[in-house]
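Just so you know, the sequences run in chain order A and B. The first sequence begins at 12 in this note's numbering and counts up one residue at a time. The second sequence begins at 958 in this note's numbering and counts up one residue at a time. I have placed the structure first, in the form of structure tokens, so that the comments after it can refer back to it.
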Amino acid sequence: MLVARELTKSFPSGDRTITVLRDVSFTIGDGEFVAIVGPSGSGKTTLLGLLAGLDTPSAGSVLLDDVDLARLSEDARARMRGEKVGFVFQSFQLIPTLTALENVRVPLDLRGDDGALARATDLLARVGLANRTHHYPVRLSGGEQQRVAIARAFVNSPRVLFADEPTGNLDHTTGIRIVELLEQLNRDASTTVIIVTHDAELAARARRVIRLNDGLVIEDSVRAA
Amino acid sequence: MRVTGRWRTLPALAWRDTRTTRRRLVLSMSSIAIGVAALVAVDSYSADVVRSIHVQARSLLGADLSVSARRTLPPPARAWLDSLRARGAAEAHVTTFSSMALGGSLAGGGKGTRLVQVRAMGPGAPFYGKIETSPPDKWKELQSGPYAIVDSALLIALDAKIGDTLSLGYARFAIIATLRNVPGDIGVASALGPRVYIPDKYLAATQLLTYGSRAEYETLVRLPAAMDADALAKSHRQLFDSLQVRARSVADTERSLTRSIEQLGRFLGLVGLIALLLGGTGVASALRAYMAEKIDAIAVLRCLGASASQVVWMFVLEAAGLGLAGALMGVVLGVGAQLVLPHVLGSFIPVDVSPQLEWIPALSGLALGTWVGVLFALGPVLGVRNIAPLQVLRRDDDSAQGAARSAWRDPPRVIAALVLAASVVAVCIARADGAIVGLWMSAGIAGALGATWVAAIVCARLAKRLAQLRWSFIVRHGITNVDRPGNQTRPVVLALGFGAFLLGTLALVQGNLLRQLSSAANASAANLAYFDVQTDQARPLDSLLRSRDLPVLSQVPIVPMRIAAYRSRKPPLPARGERRSDSGARGAEANRPSWALRREYRSSYRDSIAPSEKLVAGKWWTSDGPDTDGVYEISVEQSLAEELGVAVGDTITWDVQGVRIRTRITSLREVEWTRFEPNFFVVFQPAALREAPQTYVMLTRVDDDASRARVQRDAVLRFPNVSTIDLTLIENAVGKILDRVSLAVRFMALFSVVTGVLVLISAIAASRRQRVRESVLLKTLGATRPQIVRMLFTEYALLGAIGSVAGIVLAVGGGWAAVHFIFKTPFAVTPLSLAAVASATILLTVATGLFAARDVFSETPMTALREV
Ligand SMILES: Nc1ncnc2c1ncn2[C@@H]1O[C@H](COP(=O)(O)OP(=O)(O)OP(=O)(O)O)[C@@H](O)[C@H]1O
Ligand SMILES: [Mg+2]
Chain A
12 MLVARELTKS FPSGDRTITV LRDVSFTIGD GEFVAIVGPS GSGKTTLLGL
62 LAGLDTPSAG SVLLDDVDLA RLSEDARARM RGEKVGFVFQ SFQLIPTLTA
112 LENVRVPLDL RGDDGALARA TDLLARVGLA NRTHHYPVRL SGGEQQRVAI
162 ARAFVNSPRV LFADEPTGNL DHTTGIRIVE LLEQLNRDAS TTVIIVTHDA
212 ELAARARRVI RLNDGLVIED SVRAA
Chain B
958 MRVTGRWRTL PALAWRDTRT TRRRLVLSMS SIAIGVAALV AVDSYSADVV
1008 RSIHVQARSL LGADLSVSAR RTLPPPARAW LDSLRARGAA EAHVTTFSSM
1058 ALGGSLAGGG KGTRLVQVRA MGPGAPFYGK IETSPPDKWK ELQSGPYAIV
1108 DSALLIALDA KIGDTLSLGY ARFAIIATLR NVPGDIGVAS ALGPRVYIPD
1158 KYLAATQLLT YGSRAEYETL VRLPAAMDAD ALAKSHRQLF DSLQVRARSV
1208 ADTERSLTRS IEQLGRFLGL VGLIALLLGG TGVASALRAY MAEKIDAIAV
1258 LRCLGASASQ VVWMFVLEAA GLGLAGALMG VVLGVGAQLV LPHVLGSFIP
1308 VDVSPQLEWI PALSGLALGT WVGVLFALGP VLGVRNIAPL QVLRRDDDSA
1358 QGAARSAWRD PPRVIAALVL AASVVAVCIA RADGAIVGLW MSAGIAGALG
1408 ATWVAAIVCA RLAKRLAQLR WSFIVRHGIT NVDRPGNQTR PVVLALGFGA
1458 FLLGTLALVQ GNLLRQLSSA ANASAANLAY FDVQTDQARP LDSLLRSRDL
1508 PVLSQVPIVP MRIAAYRSRK PPLPARGERR SDSGARGAEA NRPSWALRRE
1558 YRSSYRDSIA PSEKLVAGKW WTSDGPDTDG VYEISVEQSL AEELGVAVGD
1608 TITWDVQGVR IRTRITSLRE VEWTRFEPNF FVVFQPAALR EAPQTYVMLT
1658 RVDDDASRAR VQRDAVLRFP NVSTIDLTLI ENAVGKILDR VSLAVRFMAL
1708 FSVVTGVLVL ISAIAASRRQ RVRESVLLKT LGATRPQIVR MLFTEYALLG
1758 AIGSVAGIVL AVGGGWAAVH FIFKTPFAVT PLSLAAVASA TILLTVATGL
1808 FAARDVFSET PMTALREV
């Protein structure tokens, strides 16, 4: 369970401070599929960063499975991410010196998990890249790279998966396939998926939509099944 | 090309282009600056010294003309000097020899003893130059009584003070002052033997100059203004040479000193040049990284209509600006370092130097720096011609690599590389002593840089292999990073390897020379030698030693002699000794009889070969006595034989105090000169010399310092003419000189090492952004800071290890070559010093790497979400 409680984030800008997020509160249950939408600059990426413990809020708190992220040290948060969180980025963010398979293994390797090879091979097969395991990222197309990134995000069987505009750099059909993949993994592993997107069509596929505007939550709606 | 609007805006474009990277460019700029600084400092200082020599040449010689010989002047030379006197010249005499000095008086039992350089000065000597004393102005009083003016080191050694009595032989002197400055003396000389100046009218009273003692008799001549000393010396050179007399004019002195200073300058300049070239490789690698980053920008510019040549010129302008700025910085630094050099080199320099801004070195430094900046940048810069506008659309991460790989098939870049090589050779030749030396020098530099480069490549390959072993993920990732594309592994290893190579070589050479000294001390039982023991003194000295329970380890006879005639079947080599001679142009010297012919030989005789010798040709005599023609057998040291052009079977006739002795060479020996025992160029069959006038060297061993001092003093009290040489004193003296030399060399090496560090930093900085970005990404994937530190540590420790291994392997080669060819002594690896160099290299790399990556720890992982 992921809880945001009166999250506020502001940045110093010259001698003033600008507030990017204001009193954002919500609760996301296990296995939900949530889309965060809103105009550019509304604070979506900032919110995602706070929820994942990549950054610390100016006020308020984030609880992941009842643990207050702000109470953890930076390294403890890193370990928590390694165990419970997965990431998919708009710009893929694969490590260029590692092969597809090696990229997928990284979170398990960082934990010293022995089953890394089997699990990574399995996941690459599930995203349809069984025959690309030893390719380096530059040899893969954008969609393939994003699928490797998704495999990497799921390799540690995360409780929550965050995706910041995962389809932003891909064409429409490829984007749809990426989202279908996310949905499937959400179903199969009952992983909570939180996805930031501009794309109305993609947002419409989500059960729950949180809409931000100028740092405020202006809508939090659940579509009837 | 016409300067159209398109071209006129280039400088502005170039300047704007550097905006985001200026701080990093300053780094590669400073790597040029250090090399330029070294060159400017050395060149300026040697220009300073040469100028000072010119101004002070007359005081250095102390006369217009100096005539000197190893014995009292032969009559024809004397007659010539008398004729000069008749034409208005003035004359003064200086006699120089070594002797034991005794603190206190013989009758009073004396205090300490010390081997000193005695200079007995006649009235008027020197004619020019002021010998400064402390208390001041005591030089004028020297001639007015039995006075001595001494090095302050002697006072310390004898535990004496001004006003005390000093005994030289049978004469006593009152010490009236210490020396503060003697024109023409180099500082380190006093380490070998403190100087004692006495008036020469008391020389006879010392009774020191007996048979066999070595002394130099010098006549200083002051000429009337109308007479040309240089012309006089030149026109009578033939006469002097035949008399074995050396004549030097002020101009000769200036020429020879200038030449040795220029040689020293060239040697030290070489070190500076290496630093500069190393800086050049740093510039090349920094620019390559810079270009790789600029690919997008360049592609965009090309899309917007920039022509390939415009883009190239833009970057050439940037590189030239970079080189010029670096060179300017270097000139400023170099002029500053010029003020430090006198402290480092001063004790080898015979003149007082007043540093001033030397324009020629400064300007040539400026030109060299810019040259290095442009030429080394040219390769990477020309690569951008191949960047197509299309790359805006499809950015291939490998394009930088691809561009580098095809460099050899790209004519302009091949030409640029050739121009670079040719100009390095040209600069080497310009700075070296002749074209051949210059070629060798450039070959050496190319060899060292090339070997490090190859080592870097090999090691990177090995790292790749290594990474395939079953390490933990952290270690494996660190190892893989070493070989990542665009990671600057080669320039980093080059910089590290070269620094380790220089430091390692220095450490090895110094270690070997010091080991040589102490191993000589251990291997030979003797540590105290008595020289110039007269025939009638041998027995009493022997019993004196035995009465103290001291062993007489050996008693070696010495017979002074000269070559009267010799016949060989080969022409002699152009003599090595000639180069040491102080006269002008070398062409004139080639025809003159060689030093080996003119010198005085101090030979010995014995039945058997000594432990420090090895027979290399012929065989040792088994009988004693001449053959039927009255010819005796001798054994000659092999390098002398080479110099004379003689071999086994050749004959030499010797002049032993007027008696001719005919000999035939029956064997050649190799001699280990560094041993403490007296060694000889020529050894005779005993029968040949047994009856000749001779002196002895007696060797003994005294273990503790106090009794060694006592036994020296007691011998001096009874036999004032006998000199003792204390091995521990020699060791100290040589150690001191070695310290000074290595300080100077290390100071110059410092420039290369600092350049290496700068290249290292800029190379690491070049891939820093990428590194930080990746580490941040790993943090979002769950890596903790300790894990990231361990990864970076593995990577940089491995890089450092590769660099230091490459450097140390080369250093063992370089050290061996130096020790073997220059110092001609056996070589051994000194592992401790190499380990120190290696660990320093690794430590430095790790520290620099972690420091460059410090942003990883301050940045929140949030940036991973923001970066595109
Ligand atoms: N480190 C920072 N310092 C100052 N302002 C910041 C910082 N990070 C974000 N902002 C500001 O916060 C606001 C929200 O940024 P954020 O990236 O969260 O928007 P977004 O909703 O993700 O937009 P987009 O859809 O364009 O990605 C923006 O106005 C941005 O300028
Ligand atoms: Mg965003």
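Just so it is clear, CB atoms sit at the ideal spot from N, CA and C, and this is done for glycine as well. Just so we're clear, the structure is a prediction, and the values are computed from it rather than from any experiment.
Cα-Cα separation, residue i to residue j
i: B:Asp1142; j: B:Ala1188; result: 26 angstroms
i: A:Gly178; j: A:Val48; result: What sits at residue 178 of chain A in the sequence shown is Thr, not Gly. One C-alpha to the other measures close to 14 angstroms.
i: A:Asp26; j: A:Arg143; result: 51 angstroms
i: B:Val1466; j: B:Ala1775; result: 7 angstroms
i: B:Ser1242; j: B:Ala1720; result: 7 angstroms
i: B:Ser1560; j: B:Val1509; result: 21 angstroms
i: B:Arg1394; j: B:Ile1779; result: The amino acid at residue 1394 of chain B is misidentified as Arg; the sequence shows Val. C-alpha separation (whole angstroms): 15 angstroms.
i: A:Thr30; j: A:Ser69; result: 9 angstroms
i: B:Val1329; j: B:Leu1335; result: 10 angstroms
i: A:Leu83; j: A:Thr202; result: 23 angstroms
i: B:Leu1125; j: B:Ala1649; result: 28 angstroms
Residues that DSSP places opposite residue i in a beta bridge
i: B:Ala1058; result: B:Arg1071, B:Leu1125
i: B:Met1655; result: B:Tyr1487, B:Gln1512
i: B:Asn1138; result: B:Glu1089
i: B:Met1518; result: B:Tyr1558
i: B:Pro1156; result: B:Met1078
i: A:Pro23; result: A:Thr28
i: A:Val99; result: A:Ala174
Contact set between residue i and chain B, taken where Cβ atoms lie within less than 9 angstroms
i: A:Gln157; result: By Cβ distance, chain B contributes nothing, its closest Cβ being about 14 angstroms from A:Gln157, past 9 angstroms.
i: A:Leu121; result: Phe1430, Ile1431, Leu1735, Leu1738, Gly1739, Ala1740, Thr1741, Gln1744
Interface flag, residue i vs chain B, CB-CB below 7 angstroms
i: A:Leu65; result: yes
i: A:Ala89; result: yes
i: A:Leu223; result: no
i: A:Met12; result: no
i: A:Arg92; result: yes
i: A:Phe98; result: yes
i: A:Gly60; result: yes
i: A:Asp79; result: no
i: A:Asp210; result: no
i: A:Asp86; result: yes
Cβ pair residue i, residue j closer than 7 angstroms
i: B:Ser1699; j: B:Ile1231; result: no
i: B:Pro1369; j: B:Leu1244; result: no
i: A:Leu121; j: A:Gly93; result: yes
i: A:Leu32; j: A:Leu18; result: yes
i: A:Ala217; j: A:Ala63; result: no
i: B:Glu1315; j: B:Ala1004; result: yes
i: B:Arg903; j: B:Thr1610; result: For residue 903 of chain B there is no data in the structure shown, the boundaries of chain B being 958 and 1825.
Contact with chain A by residue i, beta-carbon distance below 7 angstroms
i: B:Met1748; result: no
i: B:Pro1818; result: yes
Proximal chain B residues relative to residue i, where beta-carbon distance stays under 8 angstroms
i: A:Pro118; result: Leu1738, Gly1739
i: A:Asp76; result: Near A:Asp76 there are no residues of chain B at all, since even the closest Cβ is about 16 angstroms away, more than 8 angstroms.
Where residue i meets chain A, residues with beta-carbon distance less than 7 angstroms
i: B:Glu1831; result: For residue 1831 of chain B there is no data in the structure shown, the boundaries of chain B being 958 and 1825.
Closer than 8 angstroms at the beta carbon, the chain E residues around residue i
i: A:Glu194; result: Annotation note: the requested chain E is absent from the structure, which comprises protein chains A and B.
Check: residue i C-beta below 6 angstroms from any heavy atom of ligand 4
i: A:Lys55; result: Absence of ligand 4 from the depicted structure is noted, with ligand 1 and ligand 2 being the only ligands included.
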